[in-house]
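S.K.: So the protein lines, in turn, are chains A and B.
The numbering of the first sequence is the working numbering, which starts it at 850 and goes up by one.
The numbering of the second sequence is the working numbering, which starts it at 850 and goes up by one.
Protein chains: 2
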Amino acid sequence: MSSAQKELTPPASPSLPQELAPAYPTLPRVVIIGGGFGGITAATSLARLPVEVVLIDKYNYHLFQPLLYQVATAALSPAEIAAPIRGILREQKNARVMLGHVTGIDTARRCVMLEERSVPYDTLIISTGVRNHYFGHDEWAQVAPGLKTIADARALRHKMLGAFERAESETDLEERRRLMTFVVIGGGATGVEMAGAIAEVARVAITQDFRNIDTKMSRVVLIEAGTRLLPSMPEKLSAAAKRSLEKLGVEVWLGKYVTDCDSGGVTLGAERIGCRTIVWAAGIIGSPAASWLNAAHDREGRVIVEPDLTVAGHPEIFVIGDTAMVRDKAGNPLPGVAPAAKQEAHYVAKLIKARLEGKPPPKPFRYINLGNLATIGRSAAVADFGFVRFSGLLAWLGWGLIHIYFLIGFRSRFIVAITWLWSYFTFQRGARLIMSDEPEA
Amino acid sequence: MSSAQKELTPPASPSLPQELAPAYPTLPRVVIIGGGFGGITAATSLARLPVEVVLIDKYNYHLFQPLLYQVATAALSPAEIAAPIRGILREQKNARVMLGHVTGIDTARRCVMLEERSVPYDTLIISTGVRNHYFGHDEWAQVAPGLKTIADARALRHKMLGAFERAESETDLEERRRLMTFVVIGGGATGVEMAGAIAEVARVAITQDFRNIDTKMSRVVLIEAGTRLLPSMPEKLSAAAKRSLEKLGVEVWLGKYVTDCDSGGVTLGAERIGCRTIVWAAGIIGSPAASWLNAAHDREGRVIVEPDLTVAGHPEIFVIGDTAMVRDKAGNPLPGVAPAAKQEAHYVAKLIKARLEGKPPPKPFRYINLGNLATIGRSAAVADFGFVRFSGLLAWLGWGLIHIYFLIGFRSRFIVAITWLWSYFTFQRGARLIMSDEPEA
């Protein structure tokens, strides 16, 4: 074949996405999908190992999800609970960050497929979290946004503040009542925290802002299908949470099933609550990891993993965090909380280190429960540390300290601490902005 | 006519929007359109007068526009430069706030028309500010966003950070160069501040965040059609601003006209700069006040007002701030800055007070120039206080103190001060989030 002919030959696979070239050709590459608690911890735990780390996320920031409800209720700004991933991994020379949407995983070629590129891996860690799940009623997503992303939080804030604005200029009393009714569906930690925060906004923070409506007359309803709130906590704390919420004026409805959600309200069988703001905190489903891998998964879409967190038949693929179905020693599924994801990430890093050093692998993963916390309004919370359980102001202070401590980045910690102290003493909420370009009122 | 017949008769004007009922039926009503510096100052200046105040804005927040470029360049969060209008006027019992879009003004009936309501007034104050103006090239707005709203600032931040993300994974060197080129059009205060801030982000703040690109190689070009930057300031300070920008690596192009903007770059006659991020800081135009009032206006759409800031033939209508064309004693138009709007608002309040008390009106409005400031990057600025002019670090400190002082709300002041100190000592920018749900890379 002459050289002129060769030039005319098209490349072998013109449709194949461009492959990411190795930064350290002699080192094995660990690819991490997801920049949440699991993914970031995995990346930093691999800092001193002779591997090249590539972290892929669709956003450029790590989000401190446990405080997302505070963005939704206008206490914090998005930037106060989010840190740029590049900033977190800035000093870690063996790591790099890619912004991109994963479209699939080619497990045979060991390659993560993005929209326009592909990233080969030697080891893969999947930590892609969960999404809202509407139990087959995806149409509810429009009227009942969940609380998983900054966009969700901003949409909820906009809805809640916009409802008060519209109530202020509404003359129809029935419609005004609907605008001033807020329904939270789901009595887990997110639902409890959200209901408490909305009640506080309505009954304390903005009472003097309006002239035609009395925001203290707002109605906040928390609906839980089970028999108690915070089902993963001891019953005593569930009862304490219920009492605290009722003190804030929240109606707690237990054992009620939502049968329909629309823009005018929530239907529970024969009952109906007219309202304009609905918060979905009832169901989540694992990210598409199971379908990417064609792996076994549970009803919530979580990948069922081996005792060492690998996927059956793929010792080079780990799934951690909410995306994985992991059981504790009693056989119960681990809760979808940050400490579980972080412990799993540390375990995976230890296992990768052992493999690199040719040592025997560590014992199967064991979750250590460091406690459970949920906060209710401005100065109450329930805490369960296993050996000690308490509620009230002390739990709230503990909750605040722990959350500030685990916020990534000193600046965030510092600014959030000051913002909270400020709003604690003044009852003000600083981030009360309706950001949409087209206000609803 | 029988009573049964009467019930069937439709209301007189079914299409007429619902009128806002007076809160204090015995008091005259002052309606203010716009919650910027002029509108808020007018509202608070009327606090002790026997009038009912209604402030209408399309957003629920007052925006501290002079710091908007810091949101665009990821130094501050939107909530740090915005304060809810209801919060500002919370204690002022004679004032209420309406969220709404003004569609027109019925000067004969003395009524402001909103989309679904109408608001009758006895006195009207219009302070609706300005919008970006593309000199007949509205299609440029798509590729060259201005900097007037929080949405603008967020769009620019997203564009700038997204360009670096795309450059990091771009292998075509020509495209990478375009992605790392930033063109700012317009050499007024906004353009100068924006160019300095972008240069600082690229050359200092994010240099260690990327692995494939050297952000210090970014190119920032500031284009001004006139012969010098900051045309409203003395020549010596224009030269100082140019030197400071060049020290930060900004190319300053003077006397060049932009003839086209598209998604691939900027054309200036025969010259062409390939780039993916363009900032429009070149032109503004008054809000539609002139067309609402059918009043005389200048080329920039500003309403030409009488010496007492009323509209000719309408002593009950005042136009203030950027929306009005007001001249100083030398005959030059007043600059579109916050102090001018505030002084005009105070004047109008004084005039309304005199009218209520049956006293003679105050002398025609006179603007007192309190100085002019522009900042360039992390520690330089130029200041012109008339009697004293200076540049450098001292001007920068003065700029910082003055801006923090005038930020509305103690919380904002405090948090901004801390955020600035933090970024001054660490070169970090905390609000480096790309918020769109669909990242560009």
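Glycine included, C-beta positions come from ideal geometry on N, C-alpha and C.
Could you tell me whether any Cβ in chain B is nearer than 8 Å to the Cβ of A:Ser926?
M.R.: True, the Cβ-Cβ gap to chain B drops below 8 Å.
S.K.: Please identify the residue among A:Gly1075, A:Thr977 and A:Arg959 whose C-alpha is closest to the C-alpha of A:Tyr970.
M.R.: Selected option, being the one with the closest Cα: A:Arg959.
S.K.: Does the beta carbon of A:Ser1018 come closer than 8 Å to any beta carbon on chain B?
M.R.: At least one chain B Cβ lies under 8 Å of A:Ser1018.
S.K.: DSSP on A:Asn943, reduced to helix/strand/coil?
M.R.: A:Asn943: coil per DSSP, three-state reduction.
S.K.: When you compare the CB of A:Asn981 with every CB in chain B, is at least one pair closer than 8 Å?
M.R.: False, the Cβ-Cβ gap to chain B never drops below 8 Å.
S.K.: Would B:Val1152 pass as a contact of B:Thr1172 if the rule is Cβ separation under 8 Å?
M.R.: A contact, by the Cβ cut-off of 8 Å.
S.K.: One question on the structure: do B:Thr1313 and B:Lys1008 come within less than 8 Å of each other, judged by their Cβ atoms?
M.R.: Absent from the model: residue 1313 of chain B. The displayed extent of chain B is 850 to 1290, so no value can be given.
S.K.: A:Tyr910 and A:Leu996 - do their beta-carbons sit closer together than 8 Å?
M.R.: No, the Cβ-Cβ distance between A:Leu996 and A:Tyr910 is not below 8 Å.
S.K.: Considering Cα atoms alone, identify which of A:Lys1065, A:Leu1183 and A:Pro1188 is closest to A:Ala1016.
M.R.: Selected option, being the one with the closest Cα: A:Lys1065.
S.K.: Please classify B:Glu964: is it buried, with 16 or more other beta-carbons within 10 angstroms of its beta-carbon, or exposed?
M.R.: Classification for B:Glu964: exposed.
S.K.: B:Ala993 and B:Val879 - do their beta-carbons sit closer together than 8 Å?
M.R.: No, these two residues do not count as a Cβ contact at 8 Å.
S.K.: Check whether the Cβ atoms of A:Thr977 and A:Gly883 sit closer than 8 Å, and answer yes or no.
M.R.: Contact: yes.
S.K.: Evaluate B:Phe1214 with the Cβ neighbour count: other Cβ atoms within 10 Å of its Cβ, from every protein chain shown; 16 or more gives buried, anything less gives exposed.
M.R.: The residue is buried, with at least 16 neighbouring Cβ atoms inside 10 Å.
S.K.: At 8 Å on the CB atoms, spell out the chain B contacts of A:Ala872, in chain order.
M.R.: Simply Arg1060.
S.K.: Contact criterion: CB-CB distance below 8 Å. Does A:Met962 meet it with respect to chain B?
M.R.: A:Met962 does not count as touching chain B.
S.K.: Tell me whether B:Gln1192 is buried or exposed, calling it buried when 16 or more other Cβ atoms sit within 10 Å of its Cβ.
M.R.: Buried is the call here.
S.K.: Is the segment 947-954 of chain B touching the segment 924-932 of chain B in the sense that three or more CB pairs, one from each, lie closer than 8 Å?
M.R.: Touching, no, given that fewer than three Cβ pairs across the two stretches are closer than 8 Å.
S.K.: Quick check on B:Ala957: does DSSP put it in helix, strand or coil?
M.R.: B:Ala957: coil per DSSP, three-state reduction.
S.K.: Counting beta carbon pairs with one atom in the segment 1071-1080 of chain B and one in the segment 1029-1046 of chain B, are three or more of them shorter than 8 Å?
M.R.: Verdict: yes, contact present.
S.K.: Going along chain A in order, which residues have a C-beta closer than 7 Å to the C-beta of B:Met849?
M.R.: Nothing about residue 849 of chain B can be read from this structure; chain B reaches only from 850 to 1290.
S.K.: Nearest to A:Ile1253 by alpha carbon, out of A:Ile889, A:Leu925 and A:Pro874?
M.R.: The shortest Cα separation from A:Ile1253 among A:Ile889, A:Leu925 and A:Pro874 belongs to A:Leu925.
S.K.: Does any residue of chain A have a CB that is nearer than 8 Å to the CB of B:Leu895?
M.R.: No, its Cβ sits nowhere closer than 8 Å to a Cβ of chain A.
S.K.: Contact between the segment 1139-1159 of chain A and the segment 1056-1064 of chain A: three or more CB pairs below 8 Å?
M.R.: Judged by Cβ distances under 8 Å, the segment 1139-1159 of chain A makes no contact with the segment 1056-1064 of chain A, as fewer than three pairs qualify.
S.K.: Report buried or exposed for B:Ala1131, applying the criterion of at least 16 other Cβ atoms within 10 angstroms of its Cβ.
M.R.: Classification of B:Ala1131: buried, given that the 10 Å Cβ count is 16 or more.
S.K.: Can you find a CB in chain B that lies within less than 8 Å of the CB of A:Asn845?
M.R.: Beyond the ends of chain A as shown, which are 850 and 1290, falls residue 845 of chain A; an answer cannot be given.
S.K.: Would you mind listing the beta strand (DSSP E) stretches within the segment 993-1081 of chain B that are 3+ residues and don't spill past its ends, in chain order?
M.R.: For the segment 993-1081 of chain B, whole beta strand (DSSP E) runs of length 3 or above, ordered along the chain, are 1030-1034 and 1068-1073.
S.K.: Hey, could you find the ends of the alpha helix (DSSP H) A:Glu929 is sitting in?
M.R.: Taken as a continuous stretch (DSSP letters only), A:Glu929 belongs to no alpha helix (DSSP H), as it is neither H nor E.
S.K.: Going by Cα to Cα distance, which pick from A:Ile1122, A:Arg1176 and A:Leu916 is closest to A:Asp1147?
M.R.: The shortest Cα separation from A:Asp1147 among A:Ile1122, A:Arg1176 and A:Leu916 belongs to A:Arg1176.
S.K.: Would you mind sorting A:Tyr873 into buried or exposed? The rule is 16 or more other CB atoms within 10 Å of its CB.
M.R.: Counting Cβ neighbours within 10 Å, A:Tyr873 comes out exposed, since fewer than 16 surround it.
S.K.: Going along chain B, which residues have a C-beta under 9 Å from A:Asn1218?
M.R.: Per Cβ cutoff of 9 Å: no residues; A:Asn1218 is ~32 Å from chain B at best.
S.K.: Would you kindly check if the distance between the Cβ of A:Ala1089 and the Cβ of A:Ile974 is under 8 Å?
M.R.: Cβ distance not < 8 Å, so A:Ile974 and A:Ala1089 don't count as in contact.
S.K.: Going by alpha carbons, who is nearest to A:Asp906 out of A:Phe886, A:Ser894, A:Ala896 and A:Leu916?
M.R.: Nearest C-alpha to A:Asp906: A:Phe886.
S.K.: From this set, B:Met1043, B:Leu938, B:Leu1243 and B:Ala1223, which residue's C-alpha is nearest B:Asp1001's C-alpha?
M.R.: Looking at the Cα atoms, B:Met1043 is the closest of the given residues.
S.K.: Could you please tell me which residues of the segment 981-1013 of chain A, in chain order, have their CB closer than 7 Å to any CB of chain B?
M.R.: From the segment 981-1013 of chain A, only Ile999, Ala1000 and Leu1010 have a Cβ closer than 7 Å to chain B.
S.K.: Establish whether the CB of B:Gly884 and some CB of chain A are separated by less than 8 Å.
M.R.: No - not a single Cβ of chain A is within 8 Å of the one on B:Gly884.
S.K.: Could you say which of B:Leu1242, B:Lys1212 and B:Val1160 lies nearest to B:Ile1225 if we only look at CA atoms?
M.R.: Here the closest residue by C-alpha is B:Leu1242.
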